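Here is the structure we will look at.
There are 2 protein chains.
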Amino acid sequence: MAQVKSESIMPREDSLQTAAFVAKSLSDENRLRILLCLNQGKKSVSGIVEELSLSQPLVSHHLKELRRSLLVRVERRGPFVYYEIADDRILQILAALKDLAADLLAARTTF
Amino acid sequence: MAQVKSESIMPREDSLQTAAFVAKSLSDENRLRILLCLNQGKKSVSGIVEELSLSQPLVSHHLKELRRSLLVRVERRGPFVYYEIADDRILQILAALKDLAADLLAARTTF
DNA sequence: TAAGCATATAAATACATATTAATATGATTG
DNA sequence: CAATCATATTAATATGTATTTATATGCTTA
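Respectively, the protein sequence lines represent chains S and X.
The working numbering puts the first residue of the first sequence at 1, with every later residue one more than the last.
The working numbering puts the first residue of the second sequence at 1001, with every later residue one more than the last.
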């Protein structure tokens, strides 16, 4: 049934610690690009590699990070490994981050 | 009028890059504690130091990081330097991160 | 101006992480 | 089983960063 072992090392105790852990996963531009790319639906690693023009090991590395923080789900089908976003709120948060960052910059730059 | 120079090095071009930059600022538990502590209102550095039981240089370091990402505003009054949260959406995003992280963990742990 | 408090910075250390190049694993098909 | 394709891992490197200790800066007041 195409199960994939997913060693998540997300901290369990403090909720602030887990929030920080998730934020760290969102703190790399390439990971954000991968998440946005997965927004269009489940994709294989090679699909992501092509679409984003990143090297395959780099994409694998970032996907591993996204797995660690539970932001993506994995499913193996044949020789392909498909990734998908684990929760829709992830992209809402990403959108909120983008808006916020844009406004903070605008407020700073305006004068 | 108590202006404080605030060297923000937030990237200006790509909106994804700025989102990642803000996320990085949210990716440290001590910085999140500082933000939550500032939620109760404007506070001096020494106030934060006392409330969180962190060393003064460490708090100063993290406040500098929060300034760089424009998440806090600074105001000097006499010998004190007061910090406050720059935008209310910051705490909304933080709350959303906490909820998300908790649910992701719960979904993973439930079985 | 000297002393004292509040804050920032510097230096040192330890550790994490992004990226690349090379190689290994794992599944499929001839 | 050999070859091939998809993905993961390893090693190496460079860079970033959290923390501590020590010191500097800056404001205020005696």
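Quick reminder that beta carbons are idealized off the backbone N, C-alpha and C, glycines included.
Keep in mind it's a predicted model, so treat the numbers as computed, not measured.
So, at 8 Å on beta carbons, what are the nonlocal neighbours of E51/S in its own chain, with the 5 sequence-adjacent residues on each side left out?
C37 and K43
N1030/X, enclosing alpha helix (DSSP H) - first and last residue
E1029 to L1038
For a contact defined as C-beta to C-beta under 9 Å, what are the partners of E1065/X on chain S?
In chain order: nothing, as chain S lies at least about 12 Å away.
Between K1064/X, L1094/X and D1103/X, which lies nearest to K24/S when the distance is taken from Cα to Cα?
L1094/X
For K1043/X, three-class secondary structure by DSSP
strand
Using only the alpha-carbon positions, how far apart do D88/S and L1058/X sit?
35 Å
Interfacial residues, the region 1083 to 1103 of chain X to chain S, with Cβ spacing under 8 Å
A1086, D1087, R1089, I1090, Q1092, I1093, L1094, A1096, L1097, K1098, D1099, L1100, A1101, A1102 and D1103
Spell out whether any CB of chain S is found under 8 Å from the CB atom of K1024/X.
yes
Is the beta carbon of R1031/X sitting closer than 8 Å to the one on E1065/X?
yes
Burial state of R1067/X, where buried means 16 or more other Cβ atoms lie within 10 Å
buried
What residue ranges within the region 75 to 104 of chain S form continuous alpha helix (DSSP H) runs of no fewer than 4 residues, ordered along the chain?
none
To which residues does DSSP link V72/S through a beta bridge?
I85/S
Using only CA atoms, which one of R1073/X, L1054/X and D1099/X lies nearest to N1039/X?
R1073/X
CB contact flag (R1033/X, L100/S, <8 Å):
no
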